[in-house]
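**Student:** I'd like to ask you about the structure that follows.
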Amino acid sequence: MGALLDHRDEILAAFWLNVKLSAVSAVGALVFGLLLAALRVSPVSVLRTAAGGYVTVLRNTPLTLVIFFAAFGLGAELGVKFSDTITTNNFWLAVLGLVAYTSAFVCEAIRSGINTVPVGQAEAARAVGLTFAQSLRMIILPQALRAVVAPLGSVLIALIKNTTIAATIGVGEAALVMRELIETESNAVFAIFLGIAFGFIVLTLPTGLFFGWLARRVSVLR
Amino acid sequence: MSSVLYDAPGPRARTRNRVLAAVFTVVLLALAYFVYVKFDEKGQWAAEKWKPLVQGDVWRTYLIPGIRGTVTAALAAGVLALVFGAVFGLGRLSDHWWVRLPAGAVVEFFRAIPLLILIFFAFFGSFAVLGVTISAFAAVVFGLTLYNGSVIAEIVRAGVLAVPRGQWEAAYAIGLRKGAVMRLILLPQSVRSMLPVLISQLVVLLKDSALGYIIAYIELLHQTDQIGAQFGNIVPASILVAGIYIALNLTLGWLATVVERHSRRRGQRVLHADQQALETA
Chain A
-15 MGALLDHRDE ILAAFWLNVK LSAVSAVGAL VFGLLLAALR VSPVSVLRTA
35 AGGYVTVLRN TPLTLVIFFA AFGLGAELGV KFSDTITTNN FWLAVLGLVA
85 YTSAFVCEAI RSGINTVPVG QAEAARAVGL TFAQSLRMII LPQALRAVVA
135 PLGSVLIALI KNTTIAATIG VGEAALVMRE LIETESNAVF AIFLGIAFGF
185 IVLTLPTGLF FGWLARRVSV LR
Chain B
1464 MSSVLYDAPG PRARTRNRVL AAVFTVVLLA LAYFVYVKFD EKGQWAAEKW
1514 KPLVQGDVWR TYLIPGIRGT VTAALAAGVL ALVFGAVFGL GRLSDHWWVR
1564 LPAGAVVEFF RAIPLLILIF FAFFGSFAVL GVTISAFAAV VFGLTLYNGS
1614 VIAEIVRAGV LAVPRGQWEA AYAIGLRKGA VMRLILLPQS VRSMLPVLIS
1664 QLVVLLKDSA LGYIIAYIEL LHQTDQIGAQ FGNIVPASIL VAGIYIALNL
1714 TLGWLATVVE RHSRRRGQRV LHADQQALET A
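Protein chains in written order, with the working numbering: chain A, -15 to 206; chain B, 1464 to 1744.
Next comes the structure, spelled out in C-alpha cells:
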C-alpha cells in the first residue's frame, strides 16, 4: 500500500493517459467504424469489398504490430508527424494505431446490428412508400442502433484494456508505470500489481455495467 | 441482392450502382496511387528493402524462429488456457458456493484487467516473488493462459448452460450422478457447440502473443524489429509479417467454419436418427 501511496501522482497521471487514449480513440474509432460499416453494407460491390478487406486485414493483425507499424513505419520511416514534442507525437501515433484497429471491430458490431433488423421491417417500410433515406432514418437505424449498444460496449472495454499496448512505443501509461515501479519498489510487487489491476477494474467495470444497463433499457422486444 | 437495406435493384438502380462502382473504383485507385507515391518518395520500393525478405538465410535466421516462437507460445498457452477454462468454467457451475464464488472471482478478475500488466507482473515481478526471473516465454504463456483461460471459462459455462434443460433432467431421471451427467451428457453436447467460439478465441490468443515483443520474447514481431534494424526495411518487413499473421489467423478461422459446418451436419444427423428412432418405436 505504501508504495502505491508514495507514487500516487505518477500512477494517477498514467491512468489519466489511459483515459485520454481511450476517449480520443473511441471517438475516432466510432466515426471511422461507422464510415466503414456504411461502405460494408452499401449496394456498390467495390466499396463492400474494400471495407471487407480492411476489416479482415486489421482484425487478423495483432494490435501490437499495428501500433509498432504506426510508430516505426508511418512515424519514423514515412514521416507522419503530429507534433515536435516526442511524447505528444507518440501519443497521437498510438491513437492512430488504436483507431485503425478498433474501427474494424466497430464496423463489425454495427454491421451485425443492422443484420439483426428483420428483413420484413424494411420490406414493410418500402411497401408503405418510404424512401431509402426515410426507411433508414425511421425504421432501420433506430432498431439497429439499439442492437449495437451491447457489442459496442464490449469493443469499448477491449479498447480501454488495449490502451496499455501503447507502452510498446513508450507512451507512459499505467502498464509502463507499473513496470517501472515493480523494478524500483521490488518489496511491494503484489501491492503494485493489484493497485494497477484495481485501476483498470475501476475503468472497465462501470463501463460494462453502464452498457449492460443501456442495452437492456433500449432493447427491442421481438 | 435484396437485403434489409436495399431491395433487389431494378434497371435504373443497376445503372446507378454501376456508375457509383466506376466512380469509387477510381477513388480507391487514386488512394492506392497516393500511398504508392508516398512510399516512393521515401524510397520504400527500393529493391534492397524488399530483397532480404525473399532470401533463404533471412527466413532461416529471423522469420522461421519468429514463427516458431509465436506458434509455440500460442500452442502452449492454448492448451493451458483450455485446461484453465475447463476447470474454472465448470467450477463456476459447481453446486458448492465455496467452489463457485472463488472460481467466479478469479475469472472476472483476469477478464477485467489488461493482458499486458499480467505479462509485466510475471516477467518483472517474478524475481521479487520467486527469487528467480522467469523466461520471457514463461511470462508470455502465463499471461496468455490466465487471460484467455478466463474467457474460455465463460465460453464453457455458457456452452454447458445452453444444453437444453431436458437433457440433464433426463440424465438425472435415469439415475446418473452429478459427475456422470456432466461427463456423459452435458460436456459432449456443449463441446460441439463451443468449438467454433473456442477456435475464434485461439485466434485472439495467437494475436496477443505479439505482446511478447515488449519483453523481448523471440516471436514474429520481435524478429520484424530485428530485420528492420539489420536491413533498414521496417515497412516491408512489417507488411510481410502482418501477412504471415493474417495467413495463420485465417487458417484458424477457416478451421472454425469447417468445424461449425461439420458439427451442424452431425447435429442434423443426430436429429434425423432421433426421428427414425421415434418412427420405428
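We put the beta carbon where it would ideally sit given N, CA and C, even for glycine.
#1: Any beta carbon from chain A within less than 9 Å of Lys1514 (chain B)'s own beta carbon?
#2: Name, please, each residue of chain B whose Cβ falls closer than 8 Å to the Cβ of Glu(-6) (chain A).
#3: Please name the residue, chosen from B:Pro1699, B:Arg1563, B:Ser1598, B:Leu1609, that lies closest to Gly1506 (chain B) on a Cα-to-Cα basis.
#4: Tell me the rounded alpha-carbon separation between Ala1459 (chain B) and Tyr1676 (chain B).
#5: Tell me whether the beta-carbon of Phe184 (chain A) lies closer than 9 Å to the beta-carbon of Ile1580 (chain B).
#6: Measuring straight from C-alpha to C-alpha, what distance separates Val30 (chain A) and Gly1612 (chain B)?
#7: Should Gly104 (chain A) go down as buried or exposed, given a rule of 16 or more other Cβ atoms within 10 Å for buried?
#8: For Val1517 (chain B), count the other beta carbons within 10 Å of its own beta carbon; 16 or more makes it buried, fewer makes it exposed. Which is it?
#9: Tell me which residue opens and which closes the alpha helix (DSSP H) that His1685 (chain B) is part of.
#10: Can you look up Val11 (chain A) in the DSSP assignment and give me helix, strand or coil?
#11: If you check the beta carbons only, do Ile1648 (chain B) and Val1626 (chain B) fall under 9 Å apart?
#12: One question on the structure: do Ile1615 (chain B) and Phe1547 (chain B) come within less than 9 Å of each other, judged by their Cβ atoms?
#13: Excluding the 5 residues flanking Ala128 (chain A) on each side, which residues of the same chain have their C-beta closer than 8 Å to its C-beta?
#14: What does Glu61 (chain A) touch in chain B if you count any residue whose Cβ is under 8 Å from its own?
#15: List the residues of chain A that Phe1584 (chain B) touches, going by C-beta distances under 8 Å, in chain order.
#16: Along the alpha helix (DSSP H) that carries Gln1530 (chain B), what are the first and last residues, could you check?
#17: Could you tell me the distance, in whole angstroms, from the CA atom of Arg1628 (chain B) to the CA atom of Gly1642 (chain B)?
#18: Verify whether the separation of the beta carbon atoms of Ala13 (chain A) and Val83 (chain A) is less than 9 Å.
#19: Could you tell me the boundaries of the alpha helix (DSSP H) in which Phe1586 (chain B) lies?
#20: Please state whether the Cβ-Cβ distance between Tyr1525 (chain B) and Ile1690 (chain B) is less than 9 Å.
#21: I want to see whether chain A comes within less than 9 Å of Leu1684 (chain B), judged by CB atoms only; does it?
#22: Taking C-beta to C-beta, are Leu1669 (chain B) and Ile1582 (chain B) nearer than 9 Å?
#23: Counting only beta-carbon atoms, is Gln118 (chain A) nearer than 9 Å to chain B?
#24: Please confirm whether Ile51 (chain A) and Ile153 (chain A) have their CB atoms less than 9 Å apart.
#25: Should Ile1709 (chain B) and Thr45 (chain A) be called a contact, given that it needs their Cβ atoms to be closer than 9 Å?
#26: Just by C-beta distance, which residues in the segment 78 to 95 of chain A are closer than 7 Å to chain B?
#27: Secondary structure at Lys1514 (chain B), three-state DSSP: helix, strand or coil?
#28: Can you give, in chain order, each stretch of the alpha helix (DSSP H) that sits fully within the segment 1587 to 1675 of chain B and has at least 4 residues?
#29: Using the Cβ count rule (16 or more neighbours within 10 Å means buried), how would you classify Gly59 (chain A)?
#30: Compute the distance between the beta-carbons of Ile1576 (chain B) and Leu1683 (chain B), then report whether it is under 9 Å.
#31: Among the residues of its own chain, which have a CB less than 6 Å from the CB of Arg(-8) (chain A), if the five just before and after it don't count?
#32: If I follow the unbroken alpha helix (DSSP H) through Asn99 (chain A), where does it start and stop?
#33: Would you call the CB atoms of Leu1665 (chain B) and Leu1556 (chain B) closer than 9 Å?
#34: Distance check for Ala78 (chain A) and Thr115 (chain A), CA to CA, integer angstroms please.
#35: Along chain B, in chain order, which residues have C-beta atoms closer than 8 Å to that of Thr152 (chain A)?
#36: If you reduce the DSSP assignment to three classes, tell me which class His1725 (chain B) lands in.
**Tutor:** This is what the structure holds:
#1: Position 51 of the second sequence, counted from the first residue, corresponds to residue 1514 (chain B). No, Lys1514 (chain B) lies away from the interface with chain A (no Cβ there is under 9 Å from its Cβ).
#2: Locating residue -6 (chain A) in the first sequence gives position 10, where the first residue counts as 1. Chain B residues near Glu(-6) (chain A): none, gap ~15 Å exceeds 8 Å.
#3: Residue mapping note: residue 1506 (chain B) aligns to position 43 of the second sequence, counting from 1. Here the closest residue by C-alpha is B:Pro1699.
#4: One cannot answer for residue 1459 (chain B) here, as it falls past the ends of chain B, which runs 1464 to 1744.
#5: Here the question's residue 184 (chain A) lines up with position 200 in the first sequence. Here the question's residue 1580 (chain B) lines up with position 117 in the second sequence. Yes.
#6: In the first sequence, residue 30 (chain A) corresponds to position 46, counting from 1. In the second sequence, residue 1612 (chain B) corresponds to position 149, counting from 1. Going by the C-alpha atoms only, they are around 40 Å apart.
#7: In the first sequence, counting from the first residue as 1, residue 104 (chain A) sits at position 120. Classification of Gly104 (chain A): exposed, given that the 10 Å Cβ count is below 16.
#8: In the second sequence, residue 1517 (chain B) corresponds to position 54, counting from 1. Classification for Val1517 (chain B): exposed.
#9: By 1-based counting over the second sequence, the position of residue 1685 (chain B) is 222. Where His1685 (chain B) is concerned, the enclosing alpha helix (DSSP H) stretches over 1683 to 1694.
#10: On the first sequence, residue 11 (chain A) is found 27 positions in, with the first residue counted as 1. Three-state result, Val11 (chain A): helix.
#11: On the second sequence, position 185 is the one that residue 1648 (chain B) refers to. On the second sequence, position 163 is the one that residue 1626 (chain B) refers to. Taking the C-beta atoms as reference points, Val1626 (chain B) is found nearer than 9 Å to Ile1648 (chain B).
#12: For the purposes of this step, residue 1615 (chain B) is identified with residue 152 of the second sequence, where counting begins at 1. For the purposes of this step, residue 1547 (chain B) is identified with residue 84 of the second sequence, where counting begins at 1. For the 9 Å CB-CB criterion, Ile1615 (chain B) and Phe1547 (chain B) form a contact.
#13: Reading the first sequence from its first residue, position 144 is the one you call residue 128 (chain A). For Ala128 (chain A), where only same-chain residues beyond five positions count, the Cβ hits under 8 Å are Ile94, Gly97, Ile98, Thr100, Val101.
#14: Looking up residue 61 (chain A) in the first sequence gives position 77. Simply Lys1505, Gln1507, Ile1697, Val1698.
#15: Sequence index remark: in the second sequence, residue 1584 (chain B) carries index 121 (1-based). By Cβ distance, chain A contributes Met162, Ile166, Val173, Phe177.
#16: The residue you call residue 1530 (chain B) lines up with position 67 of the second sequence. Here residue 1530 (chain B) is Ile; the residue named in the question, Gln, does not match the sequence. Its alpha helix (DSSP H) spans residues 1527 to 1555.
#17: Locating residue 1628 (chain B) in the second sequence gives position 165, counting from the first residue. Locating residue 1642 (chain B) in the second sequence gives position 179, counting from the first residue. Rounded to the nearest angstrom, the two C-alpha atoms are 16 Å apart.
#18: As a working mapping, residue 13 (chain A) is identified with position 29 in the first sequence. As a working mapping, residue 83 (chain A) is identified with position 99 in the first sequence. Yes, these two residues count as a Cβ contact at 9 Å.
#19: Residue numbering aside, residue 1586 (chain B) sits at position 123 when the second sequence is read from its first letter. Here the alpha helix (DSSP H) through Phe1586 (chain B) covers 1578 to 1593.
#20: Reading the second sequence from its first residue, position 62 is the one you call residue 1525 (chain B). Reading the second sequence from its first residue, position 227 is the one you call residue 1690 (chain B). For Tyr1525 (chain B) and Ile1690 (chain B), yes; Cβs fall inside 9 Å.
#21: As a position in the second sequence, residue 1684 (chain B) is number 221, starting the count at 1. Answer yes: the Cβ-Cβ gap between Leu1684 (chain B) and chain A drops below 9 Å somewhere.
#22: By one-based count along the second sequence, residue 1669 (chain B) stands at place 206. By one-based count along the second sequence, residue 1582 (chain B) stands at place 119. No, the Cβ-Cβ distance between Leu1669 (chain B) and Ile1582 (chain B) is not below 9 Å.
#23: Translated into the one-based positions of the first sequence, residue 118 (chain A) becomes position 134. Answer no: the Cβ-Cβ gap between Gln118 (chain A) and chain B never drops below 9 Å.
#24: Numbered from 1 along the first sequence, position 67 holds the residue referred to as residue 51 (chain A). Numbered from 1 along the first sequence, position 169 holds the residue referred to as residue 153 (chain A). Closer than 9 Å, so yes.
#25: The count along the second sequence starts at 1 and reaches residue 1709 (chain B) at position 246. The count along the first sequence starts at 1 and reaches residue 45 (chain A) at position 61. In this structure, Thr45 (chain A) lies closer than 9 Å to Ile1709 (chain B) by Cβ.
#26: none
#27: Taking the first residue of the second sequence as 1, we reach residue 1514 (chain B) at position 51. Helix at Lys1514 (chain B).
#28: 1599 to 1624, 1628 to 1636, 1650 to 1671
#29: As a position in the first sequence, residue 59 (chain A) is number 75, starting the count at 1. Counting of Cβ neighbours within 10 angstroms places Gly59 (chain A) among the buried residues, the total reaching 16 or more.
#30: The count along the second sequence starts at 1 and reaches residue 1576 (chain B) at position 113. The count along the second sequence starts at 1 and reaches residue 1683 (chain B) at position 220. Their beta carbons are not under 9 Å apart, which means Ile1576 (chain B) does not touch Leu1683 (chain B) by this criterion.
#31: For the purposes of this step, residue -8 (chain A) is taken as residue 8 along the first sequence, with counting starting at 1. So no residue of the chain qualifies.
#32: Within the first sequence, the letter at position 115 stands for residue 99 (chain A). Taken as a continuous stretch (DSSP letters only), the alpha helix (DSSP H) holding Asn99 (chain A) covers 70 to 100.
#33: Numbered from its first residue, the second sequence carries residue 1665 (chain B) at position 202. Numbered from its first residue, the second sequence carries residue 1556 (chain B) at position 93. No, these two residues do not count as a Cβ contact at 9 Å.
#34: By 1-based counting over the first sequence, the position of residue 115 (chain A) is 131. By 1-based counting over the first sequence, the position of residue 78 (chain A) is 94. A straight-line Cα-Cα distance of about 42 Å links Thr115 (chain A) and Ala78 (chain A).
#35: Along the first sequence, read from residue 1 onward, the residue named residue 152 (chain A) stands at position 168. Here the neighbours are Tyr1676, Ile1677.
#36: Start at 1 with the first residue of the second sequence, and residue 1725 (chain B) comes out as number 262. DSSP places His1725 (chain B) in helix when its eight states are reduced to three.
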